[in-house]
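As structure tokens, the structure follows; a few thoughts come after it.
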Amino acid sequence: MADSHDIDWQHEQASKVPGVEWDGKKKTKGKLRIDDTIFVEFNFDGVPSFKIQPKEARERLPRPIELVPSVVLWDEDTHPAWAEVLRELRTKLIAAKGTRNGTWKPAIERKLLQGLLEAARRGHPNESFFLLKRGASGLLDQVVLPQGTKGGKTMAIFTPDRLPYDKSIEASFHSHPTGNGMPSEPDLKAFINYKVNIIAHAPYGEHDYKAFTNKGNPADLDVLD
Numbered sequence: 141m142a143d144s145h146d147i148d149w150q151h152e153q154a155s156k157v158p159g160v161e162w163d164g165k166k167k168t169k170g171k172l173r174i175d176d177t178i179f180v181e182f183n184f185d186g187v188p189s190f191k192i193q194p195k196e197a198r199e200r201l202p203r204p205i206e207l208v209p210s211v212v213l214w215d216e217d218t219h220p221a222w223a224e225v226l227r228e229l230r231t232k233l234i235a236a237k238g239t240r241n242g243t244w245k246p247a248i249e250r251k252l253l254q255g256l257l258e259a260a261r262r263g264h265p266n267e268s269f270f271l272l273k274r275g276a277s278g279l280l281d282q283v284v285l286p287q288g289t290k291g292g293k294t295m296a297i298f299t300p301d302r303l304p305y306d307k308s309i310e311a312s313f314h315s316h317p318t319g320n321g322m323p324s325e326p327d328l329k330a331f332i333n334y335k336v337n338i339i340a341h342a343p344y345g346e347h348d349y350k351a352f353t354n355k356g357n358p359a360d361l362d363v364l365d
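The C-terminal residue of the sequence shown carries number 365 in my numbering, and the numbering is unbroken.
Here it is in structure tokens:
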């Protein structure tokens with residue numbers, strides 16, 4: 141069982157997460173507001189518990205444990221901070237809400253995008269190529285390295301036929317070592333297979349990327365903290 145000092149610290153940090161409202165009586169119990177009508181009741185007294193409200197939202201949205209698997213094997217000594225869990229849950233429920241409403245907007249967590257940019261930086265001066273799968277939350281949250289992909293200095297060689305059909309693959313990511321973030325003719329032909337296509341370009345900083353639709357037009361990609 142967590143001591144009072146740890147609970148005070150966890151409570152203080154979790155209070156900084158947007159949408160958190162405490163019930164006023166227990167420092168472990170409160171609500172995480174997703175929007176004006178949807179919220180999650182939570183309690184970190186022992187093994188965390190979560191319940192989406194109202195019932196209509198609970199029936200159409202993924203269960204919290206599907207979105208934040210770290211709570212399944214909760215360990216009192218090594219568990220993540222409450223703030224980390226609540227922030228991840230809120231981010232993924234906001235994305236899932238849009239997906240369930242049929243208004244999916246491409247979104248990716250900043251830490252995953254930063255990881256892809258770092259992979260491109262390490263692969264420089266060769267091109268890097270990855271595919272991205274959309275998870276239960278609606279976020280692009282899983283990376284696939286297609287079998288047989290080879291990075292070159294001017295293009296990444298990729299054979300789509302080697303990848304099993306998977307409708308959850310919604311996006312592509314590849315790098316341009318030249319520093320040019322605009323798609324080439326071969327890029328535009330490959331874009332047609334994915335709803336959003338991210339091009340990272342040297343020097344692969346936080347903002348050194350562009351996103352495009354499957355028709356080659358600029359895409360609005362949400363990057364979530």
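Glycine included, C-beta positions come from ideal geometry on N, C-alpha and C.
(1) Please state the DSSP three-state secondary structure of Trp162.
(2) Could you have a look at Pro209 and say whether DSSP puts it in helix, strand or coil?
(3) Go to Glu181, then tell me how far its beta strand (DSSP E) extends in each direction, as first and last residue.
(4) In this structure, what does DSSP give as the bridge partners for Gln380?
(5) Bridge partners for Pro358 per DSSP, in chain order?
(6) Can you tell me whether Arg203 is buried or exposed? The criterion is at least 16 other CB atoms within 10 Å of its CB, across all chains shown.
(7) Hey, is the region 322–335 in contact with the region 349–356, meaning 3+ C-beta pairs nearer than 8 Å?
(8) If you count every other CB in all the chains shown that lies within 10 Å of the CB of Asn337, and 16 or more means buried, which is it?
(9) Provide the residue span of the alpha helix (DSSP H) that contains Ser144, from first to last.
(10) Give me the DSSP bridge partner(s) of Gly170.
(11) What is the DSSP secondary structure of Ile332, counted as helix, strand or coil?
(12) Please report how far the alpha carbon of Trp149 lies from the alpha carbon of Val225, in whole angstroms.
(13) How many angstroms separate the CA atom of Lys171 from the CA atom of Pro326?
(14) So Phe179 packs on Arg173, CB below 8 Å; how close in whole Å?
(15) Give me whichever residues DSSP pairs with His314 in a beta bridge.
(16) Within the continuous alpha helix (DSSP H) that includes Lys251, where are the two ends?
(17) Rounded to the nearest angstrom, how far is the Cβ of Ser277 from that of Leu361, given a contact under 8 Å?
(18) Could you tell me the alpha carbon to alpha carbon distance between Pro358 and Trp214, rounded to whole angstroms?
(19) Applying the criterion that 16 or more other CB atoms from any shown protein chain within 10 Å of the CB defines a buried residue, is Lys245 buried or exposed?
(20) Tell me, which residues are paired with Ala247 by DSSP?
(21) Ordered along the chain, which non-local residues of its own chain (more than five positions away) have a Cβ less than 8 Å from that of Ile205?
(22) Give me the Cα-Cα distance between His347 and Gly186, rounded to the nearest whole angstrom.
(23) Which partner residues does Lys237 have in the DSSP bridge list?
(24) Is the beta carbon of Thr231 sitting closer than 9 Å to the one on Glu249?
A quick look at the data gives this:
(1) strand
(2) helix
(3) Phe179 to Asn183
(4) Outside the displayed span of the chain (141 to 365) sits residue 380, for which this structure offers no information.
(5) Phe352
(6) exposed
(7) yes
(8) buried
(9) Ser144 to Ala154
(10) Trp162 and Phe182
(11) coil
(12) 15 Å
(13) 49 Å
(14) 5 Å
(15) Phe269 and Ile339
(16) Arg250 to Gly263
(17) Incorrect: roughly 16 Å between the Cβ atoms, too far for contact.
(18) 42 Å
(19) exposed
(20) Asp362
(21) Phe190, Val211 and Val212
(22) 41 Å
(23) For Lys237, which the question treats as bridged, DSSP gives no partner whatsoever.
(24) yes
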